[in-house]
Amino acid sequence: MIYLMRHGETVWNAEQRLQGRQDTPLTAKGVAQAQAFGRALATELPDPHACRLIASPLGRAWQTAVLAVTGMGRNPSDIELEPRLVEHAFGAWEGLNQADLKRDHAEALAARLADKWNVPATDGESYAMVADRVGAWLAEQDEAEILVVICHGVIARVMRGLYAGMDRDVLMQLPEPQDRIFKLSGGGIEEIQA
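For reference, each letter of the sequence shown is one residue, going 212 to 405 in our numbering.
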């Protein structure tokens with residue numbers, strides 16, 4: 212069973228910039244979202260001390276994880292960092308907003324939008340590349356074990372889609388909320404408001 216969430220809102224999220232592997236700190240709203248995850252998990256989990264805590268090593272996920280696990284009554288030293296759960300690499304597009312992309316990378320953006328599964332961002336990853344590493348990680352997990360996973364928007368989208376066996380076109384359209392916990396269990400997905 213996996214309790215999956217995206218990190219809290221960051222400065223670049225608020226500015227609607229592609230973040231990818233770049234890091235910006237959580238906003239006040241993002242801190243509040245991370246704290247809400249901790250409160251929700253403390254209530255939702257049968258025993259908050261009997262689960263594995265896993266986070267992407269990127270700063271925004273780590274910051275969210277520390278706030279959430281502290282709210283669950285756990286020690287941040289219990290968090291395992293998993294490099295395969297780092298965000299989708301947007302390469303040369305990181306830090307840009309949609310207007311920047313359309314102006315400076317119009318041709319590459321058009322190719323990407325025509326086939327997001329196979330076409331990577333300039334110097335970045337495609338969805339297929341992300342699905343390979345997330346799928347490999349997911350296949351190693353024991354369904355009987357309870358995991359709390361704090362990662363990123365595209366990673367959480369791909370993980371939910373792979374877990375539920377969704378068509379890739381459906382998977383790529385899944386929302387990326389920063390105030391929800393997704394419980395992956397028995398092949399199904401339950402959405403929990405934090």
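All C-beta atoms, glycine included, are put in the ideal place defined by N, C-alpha and C. Bear in mind that the values here come from a model prediction, so they are computed numbers and not experimental data.
{"query": "Candidates His260, Ile265 and Leu256, of which the one nearest His363 by Cα", "result": "Ile265"}
{"query": "Distance between beta carbons of Ala247 and Ala405, contact taken as under 8 Å", "result": "4 Å"}
{"query": "Lys313 and Leu320 closer than 8 Å at C-beta", "result": "yes"}
{"query": "6 Å CB neighbourhood of Trp223 in its chain, flanking five on each side removed", "result": "Gln230 and Thr235"}
{"query": "Boundaries of the beta strand (DSSP E) in which Ala266 is found, first to last residue", "result": "Arg263 to Ala266"}
{"query": "Where Val297 sits in the DSSP three-state scheme", "result": "coil"}
{"query": "Any beta strand (DSSP E) of 3 or more consecutive residues that is wholly inside the stretch 262–344", "result": "263–266 and 290–292"}
{"query": "Limits of the beta strand (DSSP E) - the one that Gln404 falls within", "result": "Gly399 to Gln404"}
{"query": "Cβ pair Ile403, Ala261 closer than 8 Å", "result": "no"}
{"query": "Integer-rounded CB distance, given that Ala342 should sit under 8 Å from Leu296", "result": "The Cβ separation is near 13 Å, so there is no contact."}
{"query": "Local conformation of Arg391 per DSSP, three classes", "result": "strand"}
{"query": "Neighbourhood of Ile400 by C-beta distance below 8 Å, restricted to the same chain and skipping five residues each side", "result": "Arg371, Tyr374, Ala375, Phe393 and Lys394"}
{"query": "Check whether Glu220 and Leu237 have beta carbons under 8 Å apart", "result": "yes"}
{"query": "7 Å CB neighbourhood of Pro268 in its chain, flanking five on each side removed", "result": "Leu292, Pro294 and Val297"}
{"query": "Residues of its chain near Val345, where Cβ-Cβ distance is below 8 Å and the 5 sequence neighbours each way are ignored", "result": "Arg295, Leu296, Ile366, Val369, Met370 and Leu373"}
{"query": "Alpha carbon of Thr194 to alpha carbon of Pro257, nearest angstrom", "result": "Residue 194 is absent from the model: the chain starts at 212 and stops at 405."}
{"query": "Neighbourhood of Leu382 by C-beta distance below 7 Å, restricted to the same chain and skipping five residues each side", "result": "Arg368, Val369 and Gly372"}
{"query": "Simplified DSSP assignment, three categories, for Arg217", "result": "strand"}
{"query": "Status (buried if at least 16 other CB within 10 Å, exposed otherwise) for Arg228", "result": "buried"}
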